[in-house]
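Following: one structure in structure tokens, then a few remarks.
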Amino acid sequence: MSPSSETAQGGRRLVIVESPAKAKTIKGYLGPGYIVEASVGHIRDLPGTAAEVPDKYTGEVRRLGVDVDHDFAPIYVVNSDKKAQVTKLKQLLAESDELFLATDEDREGEAIAWHLQQVLKPKVPVKRMVFHEITKDAIQQAVANPRELNQRLVDAQETRRILDRLYGYEVSPVLWKKVMPKLSAGRVQSVATRLVVERERERIAFTAASYWDLTATFGTGRTPADAANPETFGARLAAVDGKRIASGRDFGQDGRLKTQGTLHLDEQAARALAAALEQTSFGVRSVESKPYRRSPYAPFRTTTLQQEASRKLGFGAKRTMQVAQKLYENGFITYMRTDSTTLSETAVTAARVQVTQLYGADYLPDAPRVYASKVKNAQEAHEAIRPSGDRFRTPAETSLSGDEFRLYELIWMRTVASQMKDAVGQSVTVRVGGTSSDRRDVEFSASGKIITFHGFLKAYVEGADDPNAELDDRERRLPQVTQGDPLSAEQLTPEGHSTKAPARFTEASLVKELEDREIGRPSTYASIIDTIINRKYVFKKGTALVPSFLSFAVVNLLEKHFGRLVDYDFTARMEDDLDRIANGEAQSVPWLKRFYFGEGEAAAVGGAAEAGNGDGDHLGGLKELVTDLGAIDAREISSFPLNDEITLRVGRYGPYVEKAAAVEGEPGQRADIPDELPPDELTVELAEELLAKPSGDFELGADPVSGNMLVAKDGRYGPYVTEILPEGTPKTGKNAVKPRTASLLKTMSLDTVTLQDALQLLSLPRVVGVDAEGVEITAQNGRYGPYLKKGTDSRSLTSEEQMFTVTLEEALAIYAQPKQRGRAAAAPPLKELGTDPVSERPVVVKDGRFGPYVTDGETNATLRKDDEVESITPERGYELLAEKRARGPVKKVAKKAPAKKAAAKKTTTAKTTTAKKTVAKKTVAKKTTTAGKATAAKKATSAAASPDAG
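Using full-length UniProt numbering, the letters of the sequence shown correspond one by one to residues 1 to 950.
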């Protein structure tokens, strides 16, 4: 029976989903008789500020939003920006005969449904409607087969929410007091930050090692039959006199050789060996051939989609999930927050049909492929992420474009490939030997791969985090050789190498690391990464995640005084405990008691109770940890010695380096650290340079005319000179006097600028003279460089110095030339980067009005502070363009028409009513303007302590 015919018999039904886009799509599948409305996300939550808590609650309950003394009862309040929507939902419910709660099928969706039921208090039958894709069949099946609300999932989500609230609201204030105001801590975000900081510590401690080897090009002496079958091949030196040649993996972090029995070649030894091999006869010592087989990758789940979208499309985790959300809500893919790699029978059939249609029956395995989940406690009720429906639309059939097309194509290809045959072929290793003129036995090695049947690789090849990694479909053919064949060395080249510091995490690799350690839920990783970036704990340099100096101080405090809270195993065990609660194997309240109050309160939890840094006899709870902060030395926590004299300190206004005074009792030297300097680049030498730079205000001398002191300063927009006005000079009002200010020229610097330079700069604009009609001509320095001005006519000067030297005759000659109209001829690009994977247009670096920028002819993106034209990579250029597209065009704000004045004759009552309406309108307008920005608008308490989401 269809939903429409049921509705005709059963009356009017209200279906509530989370988003308007989802509501619109589902409405089209249900037809008349169904009212589909959105809750617009969560309608109720723990209070964000104490002001939102009802007056009957006081003390700790008011601060936390949780009554820890009464079974951790949460205080829920309807979000202020959702009250109007709740009123609307209540009105629609009053006119309905049945309520369907159709929020997402995961734990959070279950909790939203429960909150809706609690707030709306329906008096009509309530049913839980779940689906994993938004297609007509799926929606109609969900209506026909509703279920009851799953209270265990609700309890698990509520426990997680309360846990995160307690963690954030108890630990964050410690950071405010001991490090800096408005910081935050979170159960998963603090651990994620620690991972990034630890990787940077490894980079700081890293010592590079150099090593050499030889590469050779060998030839068989035969004429190649065709290009696919070469008769020359490259090989690398593998051993000398039976000793393996040391490579990068044989060296430790300290730069020393850690592998015994290997031969470490330096440059001199490598070159000497190459010379000794010039006349050597070489031959094939062995040929080893092995079958090559590669099976398809499993269909996407949340984390693998984020990783692959990062590698292939340059998307961050947040952007991936935003695009996937749109695809899901518009019916193109199944639910995108899933731990499962399972495909339904319908999906397997659809994929197998497309394999046959697109690639032929030879590419279809005899039996469907089944993928077992490798994720602990995966919610197997969900499917993997795949195209929706019982027939997959090819990307060309979707009418999608831009990011949505590209992500859908990725999901579609991966799903189809998962049901294809293995790729097969042969892997070959050839060993080549010879004896040098000084009687040393040498052996070179070469590896090749030939794919005889590409199988699933015809449809999809997975990317790699390592740009040097060889992809699965990469072939390397070797000549047909057999043991004993003679070979000639066409080229022998000594090559030097240097070990590299551990690579910084990218968003994709951090997601993988968190998942491998079983920390947090995969569905929250995108928001976690977004949080640590927004909190200034991490910033991006290209695709790498770089920890700030602030994060070093925060992690230092947490490790020393809240060790188990940022312990990786402890955090993973907490996740296990939360899963046990969801499965009904543990109870929420005893677990929360043990975590918060310590082992004396409950015995229901095992290892996760070890929240403190106890000695083993006593396992303290979170409350005990944050009670006594006297042992935390704020200065010691935020201090990191670079050597015996220079210390890095993280202050309340940012990081700086400090050098002790040569004489005790005298002030030392201090210098601010540039914004976004990667910590591993702060060396003692750089610190000395920063300390040697002039800082503060430099008195240059008195202006001989005004008598005011002229000073040089280093400002936010660069160095400049200004005058100090006498005390009592009015700074506001009609008679206000502003000090003269001028930026230093490009050829000047703070440590060399003189009083004469300052007087010259402050003389601008300089009167050059007047023309024949008596119009004054001045030389000025402007936003776009030096120029002449005559009335409203401006002409550019060729140099800054010309402002002070240009004569009237020269100025008149410049004005005698016809003014250039339109744009000048385009300057050649500074650098070519390649073809953008999104727009498929060539990307170049150009020099613009505001500095160098990348462009594909459609989108322009200014280079960031750390980007240099010489070293910028194509990937970095594509990323800048992608970020600019994601931000969208700058919206122009229309000017409001002036409000009409109220009629003079109005009664007092009428005026009061009008005033109230005006206030109401302003309030509504303000709410509209700030919609979707509630987190940013919260006061310091909630803004700093709202890492509840992780």
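Quick reminder that beta carbons are idealized off the backbone N, C-alpha and C, glycines included. Computed from a predicted structure; not experimentally measured.
Hey, residue i and residue j are a contact pair by Cβ (cut 8 Å); roughly how many whole angstroms apart?
i	j	result
Asp-472	Ala-423	7 Å
Lys-659	Ile-646	5 Å
Val-432	Ala-235	6 Å
Ile-451	Gln-189	At roughly 43 Å, the Cβ-Cβ gap does not stay under 8 Å, so Ile-451 and Gln-189 are not in contact.
His-132	Tyr-408	Actually they do not touch by this definition, with Cβ atoms about 17 Å apart.
Ala-449	Tyr-292	What sits at residue 449 in the sequence shown is Lys, not Ala. Indeed they touch by this definition, with Cβ atoms about 6 Å apart.
Ala-205	Gln-253	6 Å
Glu-110	Val-68	Not confirmed; about 25 Å, so no contact.
Phe-392	Ala-417	Rounded, the Cβ-Cβ distance is 12 Å, inconsistent with contact.
Thr-338	Arg-301	5 Å
Val-355	Gln-419	6 Å
Using beta-carbon positions only, say whether residue i and residue j come within less than 8 Å of one another.
i	j	result
Lys-258	Tyr-363	no
Leu-492	Thr-220	no
Val-753	Leu-759	no
Leu-648	Phe-640	yes
Ala-269	Leu-214	no
Ser-447	Val-428	yes
Ala-272	Ala-489	no
Ala-113	Leu-578	no
Ser-96	Arg-13	yes
Leu-830	Gly-877	no
Val-86	Ile-43	yes
Glu-800	Lys-713	no
Leu-89	Val-126	no
Ignore the nearest five residues each way along the sequence and tell me which others in residue i's own chain have a CB closer than 7 Å to its CB.
i	result
Ser-295	Asp-422
Leu-514	Ala-192, Gly-520, Tyr-525
Phe-251	Ala-209, Leu-257, Lys-258, Thr-499
Phe-233	Phe-218, Ala-446, Leu-478, Pro-479
Tyr-787	Gln-780, Ser-794, Arg-795, Ser-796, Leu-797
Can you tell me whether residue i sits near the ligand ADP, meaning its C-beta is under 7 Å from at least one heavy atom of the ligand?
i	result
Tyr-57	The ligand ADP is absent from the structure shown, which contains no ligand whatsoever.
Would DSSP call residue i helix, strand or coil?
i	result
Ile-75	coil
Gln-279	coil
His-561	helix
Glu-513	helix
Gly-248	helix
Val-15	strand
Lys-121	coil
Thr-232	strand
Val-753	coil
Pro-20	helix
Arg-573	helix
Pro-852	strand
Met-420	coil
Pro-898	With a pLDDT of 47 at Pro-898, under the threshold of 50, the modelled position of that residue is not reliable, and the figure given next carries that caveat. It is coil, neither helix nor strand.
Pro-494	strand
Ala-384	coil
Lys-593	helix
Gln-157	helix
By Cβ distance, which residues of its chain are closer than 6 Å to residue i, with the 5 residues on each side in sequence left out?
i	result
Lys-900	In this predicted model, Lys-900 has a pLDDT of only 46, less than 50, meaning its place in the structure is not dependable; the value taken from the coordinates is given anyway. Nothing listed; no residue qualifies.
Ala-313	According to the sequence shown, residue 313 is Leu rather than Ala. Closer than 6 Å at Cβ, skipping near neighbours: Arg-406.
Lys-884	Thr-859, Ala-861
Ala-347	Arg-386
Excluding the 5 residues preceding and the 5 following residue i in the sequence, name in chain order all residues of the same chain whose CB lies nearer than 8 Å to its CB.
i	result
Asp-266	Ser-210, Tyr-211, Trp-212
Ser-749	Pro-719
residue 964	This structure does not reach residue 964, given that the chain is present from 1 up to 950, and the question cannot be answered.
Val-66	Leu-46, Phe-72, Ala-73, Pro-74, Ile-75, Ile-162, Arg-165, Leu-166
### Message
Using 8 Å as the cut-off, can you tell me whether the stretch 383 to 391 makes contact with the stretch 321 to 333, which would need three or more C-beta pairs spanning the two stretches below that distance?
### Response
yes
### Query
If we count Cβ pairs, one from each stretch, closer than 8 Å, do we get three or more for the stretch 764 to 777 versus the stretch 720 to 734?
no
### Query
With a cut-off of 8 Å, do at least 3 Cβ pairs link the stretch 553 to 566 to the stretch 177 to 186?
yes
### Task
Would you check if there are 3 or more beta carbon pairs closer than 8 Å linking the stretch 66 to 80 to the stretch 45 to 53?
yes
### Query
Are the stretch 804 to 815 and the stretch 851 to 862 in contact at 8 Å, needing three or more beta carbon pairs?
no
### Message
So, does the stretch 505 to 519 touch the stretch 272 to 288, judging by three or more C-beta pairs under 8 Å?
### Response
no
### Message
If contact is defined by three or more beta carbon pairs under 8 Å, each pair taking one atom from either stretch, is the stretch 433 to 442 in contact with the stretch 191 to 200?
### Response
no
### Query
Taking contact to mean at least 3 C-beta pairs separated by less than 8 Å, is the stretch 133 to 144 in contact with the stretch 17 to 33?
yes
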